[in-house]
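First up is the structure itself, then whatever we jot down about it.
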Amino acid sequence: MATEADFYLLSAEGLRGALVLRCPDFECIQDEFALLRGKERHAKPIPFERHTGGVARDLVATSLAVPYLVSPAFVSVLREAKITGWDTYPVDARGKDGVALDGYVGLIVTGAGPAVDNSRSVKLERPAESGGRLVTAWVGLCFDVDRWDGSDMFVPEDSGYILTTEYAMECLTAAGLTNLRFRKTTEVERLAL
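Okay, so the sequence shown: first residue is 16 according to my numbering, each after it adds one.
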């Protein structure tokens, strides 16, 4: 039986020089969280253009909070490993000098889990990184594992966190894909709001 310690948060590593994209038409995406979950669909590919950096990695961050674009190699690993809980949407992605990022698609996470339960996390107070006053932080992305749908990739309700099983993390890591960062959910620290 799975426990909270068996899951990983997937995010972009933020490698130096890694391409970050932006949507030039902010009205194009109505709700980026709905887009991540596949609840917002578009008839045409969503346009993305270079925001910063220049090197297109396998996981490409955007200037928005949650959408990621993924390379053909990333999608191939998901398919070959039969990882569950994902889909894609078409994009018209352009990197440095407007060069098309052929084969890149937007990542949809169809797997679902219950909301993060802060009452199960550890609450800490520590100095802000800039020094000065104390800030409150939660340690752990805790949730009721019994209410998780069993997908290898999933998003807890009311969040944009992409969580994976250990199997998915191992497959994606073993493939040598770039710009992926995995952290155990029990070790994730976030500001308490």
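Ideal Cβ placement from N, Cα and C applies to all residues, glycine included.
Could you check which residue in the options has the C-alpha nearest to that of residue i?
i: Lys138; options: Met16, Leu206, Thr188; result: Leu206
i: Gly118; options: Val75, Ser174, Val170; result: Val75
i: Glu28; options: Arg109, Val150, Phe197; result: Phe197
i: Val131; options: Ile123, Asp167, Pro105, Leu178; result: Leu178
i: Ser136; options: Gly121, Ala189, Ile123, Phe158; result: Phe158
i: Glu19; options: Asp173, Gly165, Cys186; result: Gly165
i: Leu34; options: Leu93, Arg94, Val114; result: Val114
i: Leu24; options: Glu204, Tyr176, Gly147, Leu149; result: Tyr176
i: Phe22; options: Ala190, Val160, Arg37, Val81; result: Val160
i: Pro129; options: Thr77, Pro82, Ala17, Ser174; result: Ser174
i: Ala17; options: Lys199, Thr180, Ala189; result: Thr180
Should residue i be labelled buried (16 or more other beta-carbon atoms within 10 Å of its own) or exposed?
i: Pro171; result: buried
i: Gly32; result: exposed
i: Cys186; result: buried
i: Thr77; result: buried
i: Tyr146; result: What sits at residue 146 in the sequence shown is Gly, not Tyr. Flag for Gly146 reads exposed.
i: Ala126; result: Just to set this straight, residue 126 is Gly in the shown sequence, not Ala. Classification for Gly126: buried.
For the alpha helix (DSSP H) holding residue i, just list the boundary residues, first then last.
i: Val106; result: That residue, Val106, is in no alpha helix (DSSP H); its beta strand (DSSP E) goes 101 to 108.
i: Val90; result: 87 to 95
i: Glu181; result: 181 to 189
In the DSSP assignment, find the beta strand (DSSP E) that holds residue i and state where it starts and stops.
i: Leu50; result: It is not in any beta strand (DSSP E) - Leu50 instead sits in the alpha helix (DSSP H) that spans 47 to 52.
i: Ala76; result: 74 to 77
i: Leu25; result: 22 to 27
Which residues in the same chain as residue i place their Cβ atom closer than 8 Å to its Cβ, once the five residues preceding and following it in sequence are excluded?
i: Glu202; result: Val154, Gly155
i: Asp73; result: Val85, Ser86, Ala88, Phe89, Leu192, Thr193, Asn194, Leu195
i: Asp40; result: Pro62
Residues in its own chain within less than 6 Å of residue i by CB, not counting five upstream and five downstream?
i: Leu79; result: Glu47
i: Gly110; result: Leu34, Arg65, Ala71, Leu116
The ligand SAM and residue i: does any heavy atom of the ligand fall closer than 7 Å to the residue's C-beta?
i: Ala143; result: The ligand SAM is not part of this structure, which contains no ligands at all.
Suppose the cutoff is 7 Å on Cβ atoms and the five residues either side in sequence are ignored; what does the same chain contact list for residue i look like?
i: Asn133; result: Trp153
i: Leu93; result: Trp101
i: Ala183; result: Ile98, Asp167, Met168
* Asked: Quick one: any contact between the segment 73 to 90 and the segment 153 to 164, if contact means 3 or more CB pairs under 8 Å?
  -> no
* Asked: Would the segment 34 to 54 and the segment 92 to 100 be scored as touching if the rule is three or more Cβ pairs under 8 Å?
  -> no
* the segment 58 to 67 in contact with the segment 102 to 118 per 3-pair CB rule at 8 Å -> yes
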